[in-house]
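Under this note's numbering, the very last position in the sequence shown is 406; numbers go up by exactly one each time.
Below: the structure, in structure tokens.
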Amino acid sequence: MTNDRISALRKAVEANPDDVLLRLVLAETLVAAGETEAALDQYVVLLDQQGMPEDQLTVVGELAAANGRLALLRSCLEAARQAGVVEGTGRLQQLVDEMISTRTGVKVKVGPEETGDGFVSDAPKEATTFDQVGGMDEIKRVIHRMVILPLSRPELYQKYGRRSGGGVLLYGPPGCGKTLLARATAGECGLPFVNVRIEDVMDPYLGVSERNLHAAFERARANSPCVLFLDELDALAFARHKHGGSEARRLVDVLLQELDAIGSDNDGLLVMAATNAPWDVDEAMLRPGRFDRVIFVPPPDEQARADILSVVLKDVPSAGLDLKSLAARTPMFSGADLRALVERGVDAVIDEALATGGEPPLAMQHLERALPAVKPSTLDWLHRVRSYIEFANQSERYDDAAAYLKSKDVRRRLS
């Protein structure tokens, strides 16, 4: 019956070669029948006809990779990026890198790895992607539009005289995934990720902190295009009007020079930063050409909490877990809070295993017993930002955080 259907569809496609819907049905029928190579040939034509549904681009890309079709895999990746597809493009980029490494014999180094100058860099092969970031769908879309698209389609920006690169500042409560989002952004772009931690820069000796910061930017430029991530920006660029020390002022001055690319070229360099205290960041950092794109990363909502729990519990032996129920009972929990909850639940399982000599799975009762001991760590931050917005948001820079605080659930928790 299937062979007859395939034969009839082939004849129909031959008679109507421009009918993309008919060709799509043929391709899907061929996949279902196990004729993968023939199906992939149809998908090649569909891509040429621009008739491939956006939600199938990553699926077909992975199918192409599984069958050694590098050209089709690359076409699916390019089409997905042009269509603004967020989920899965980072995975396709990894598959492209792996296939190229296998065919050319050029080994892609595994990240994360300590580089010679002390900074951490993630190679694309092991890069984090949006698939590993639970929830945050709206933020992912914003980052795709503001960050990924300019890097994946530079010719469009060149046409209008707009350079790729620039700076993006993520702010929000601690533990809500700002660093993970930055890593995933690099992974989605297929770019190296240079993580500059506060301990990599700060040094008690005069002038060393400034040299360390300059070295971080030089390494990023040498590896451009890449993502350079500055964690705890409020410590590196503390507002000069709040600090009288000349050392802190010098460090801010050096960072401003690096962002402005004085004596250097920042083309293809995307600088991302994170802070829990945006009000402590020097105002000059937020001017156009520096960190002029500011994104609020709130505590995860209920669906995002369920997604995060699913990611955290992926490798934990478990049984009978109701993640939706657990997500509903953990309002305002950050991703770090949810991980702490799971760890306490696992501790209870280990205690039970030691007492009984068995290997029980993690169950709802373990997490329910742990729940009273874990409190949302985001509340203190939200109280603080509410006071700041009420009295010092004249620039309207934090209006997205203000809108979040006005939601009924948040107001109830903060009352």
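The C-beta atom is built at its ideal place from N, Cα and C for all residues, glycine as well.
What you are looking at is a predicted structure, and each value in this text was computed from that prediction instead of being measured.
Terminal residues of the alpha helix (DSSP H) in which residue i lies
{"i": "N203", "result": "V199 to A213"}
{"i": "E19", "result": "V11 to A23"}
{"i": "I139", "result": "Element bounds for I139: n/a, residue is neither H nor E."}
{"i": "L171", "result": "K169 to C180"}
{"i": "F382", "result": "L370 to A383"}
{"i": "S316", "result": "L314 to A319"}
{"i": "G52", "result": "L48 to A57"}
{"i": "E129", "result": "D128 to I134"}
Rounded distance between the beta-carbons of residue j and residue i, thought under 8 angstroms
{"i": "R388", "j": "V285", "result": "6 angstroms"}
{"i": "I488", "j": "A24", "result": "The requested residue 488 is not part of the displayed model; the chain covers only -8 to 406."}
{"i": "T369", "j": "P290", "result": "5 angstroms"}
{"i": "R210", "j": "L260", "result": "About 11 angstroms; that fails the 8 angstroms criterion."}
{"i": "F121", "j": "V51", "result": "That belief does not hold up - the Cβ atoms of F121 and V51 are roughly 19 angstroms apart, past 8 angstroms."}
{"i": "R281", "j": "G158", "result": "5 angstroms"}
{"i": "V192", "j": "A207", "result": "7 angstroms"}
{"i": "L227", "j": "L246", "result": "6 angstroms"}
{"i": "P269", "j": "S325", "result": "About 17 angstroms; that fails the 8 angstroms criterion."}
{"i": "G75", "j": "H135", "result": "6 angstroms"}
{"i": "R377", "j": "L396", "result": "5 angstroms"}
{"i": "D86", "j": "E53", "result": "The residue you asked about is not Asp; residue 86 is Leu in the sequence shown. Indeed, because the Cβ distance is near 7 angstroms, the residues count as touching under 8 angstroms."}
{"i": "M433", "j": "A173", "result": "The structure shown does not extend to residue 433, since the chain spans only -8 to 406, so no value can be given for it."}
Simplified DSSP state of residue i, which is helix, strand or coil
{"i": "F220", "result": "strand"}
{"i": "V337", "result": "helix"}
{"i": "R403", "result": "helix"}
{"i": "V4", "result": "helix"}
{"i": "F324", "result": "coil"}
{"i": "Y151", "result": "coil"}
{"i": "V99", "result": "Caution applies to V99, whose pLDDT of 34 falls short of 50 and renders its modelled position unreliable; the model cannot decide the point."}
{"i": "V111", "result": "For V111, the pLDDT reaches just 46, beneath the cut-off of 50, and the residue's location in the model is therefore unreliable, although a value from the coordinates is still provided. Strand, per DSSP."}
{"i": "V77", "result": "coil"}
{"i": "S309", "result": "strand"}
{"i": "V192", "result": "helix"}
{"i": "L304", "result": "coil"}
{"i": "V365", "result": "coil"}
{"i": "Y34", "result": "helix"}
{"i": "Y395", "result": "helix"}
{"i": "V159", "result": "strand"}
{"i": "V272", "result": "strand"}
CA-to-CA distance, residue j to residue i, given in whole angstroms
{"i": "T95", "j": "N58", "result": "Bear in mind that a pLDDT of 39 at T95, under 50, signals an unreliable position, so the number given afterwards is only what the model happens to contain. Roughly 17 angstroms between the two C-alpha positions."}
{"i": "V16", "j": "G81", "result": "27 angstroms"}
{"i": "F229", "j": "V243", "result": "7 angstroms"}
{"i": "G181", "j": "G349", "result": "44 angstroms"}
{"i": "I299", "j": "D328", "result": "11 angstroms"}
{"i": "L250", "j": "R403", "result": "41 angstroms"}
{"i": "L332", "j": "W372", "result": "20 angstroms"}
{"i": "L304", "j": "A297", "result": "10 angstroms"}
{"i": "E5", "j": "P44", "result": "21 angstroms"}
{"i": "Q123", "j": "K2", "result": "43 angstroms"}
{"i": "E26", "j": "L161", "result": "46 angstroms"}
{"i": "D391", "j": "F287", "result": "7 angstroms"}
{"i": "Q84", "j": "E179", "result": "8 angstroms"}
{"i": "V36", "j": "A175", "result": "32 angstroms"}
{"i": "I21", "j": "L13", "result": "The amino acid occupying residue 21 in the given sequence is Leu; Ile does not appear at that position. So the alpha carbons of these two residues sit roughly 12 angstroms apart."}
{"i": "H357", "j": "P322", "result": "19 angstroms"}
{"i": "C167", "j": "R132", "result": "17 angstroms"}
Limits of the beta strand (DSSP E) - the one that residue i falls within
{"i": "M263", "result": "L260 to T266"}
{"i": "R284", "result": "R284 to F287"}
{"i": "V187", "result": "F184 to V187"}
Residue-level contact to chain B via CB, residue i, 9 angstroms cutoff
{"i": "A211", "result": "The structure shown has no chain B; it contains just one protein chain."}
*asked:* Measuring CB atoms only, is the stretch 182 to 198 touching the stretch 213 to 226, in the sense that at least three cross pairs come out at less than 8 angstroms?
replied: yes
*For the stretch 350 to 362 and the stretch 301 to 316, state whether three or more C-beta atom pairs, one from each stretch, are separated by less than 8 angstroms.*
yes
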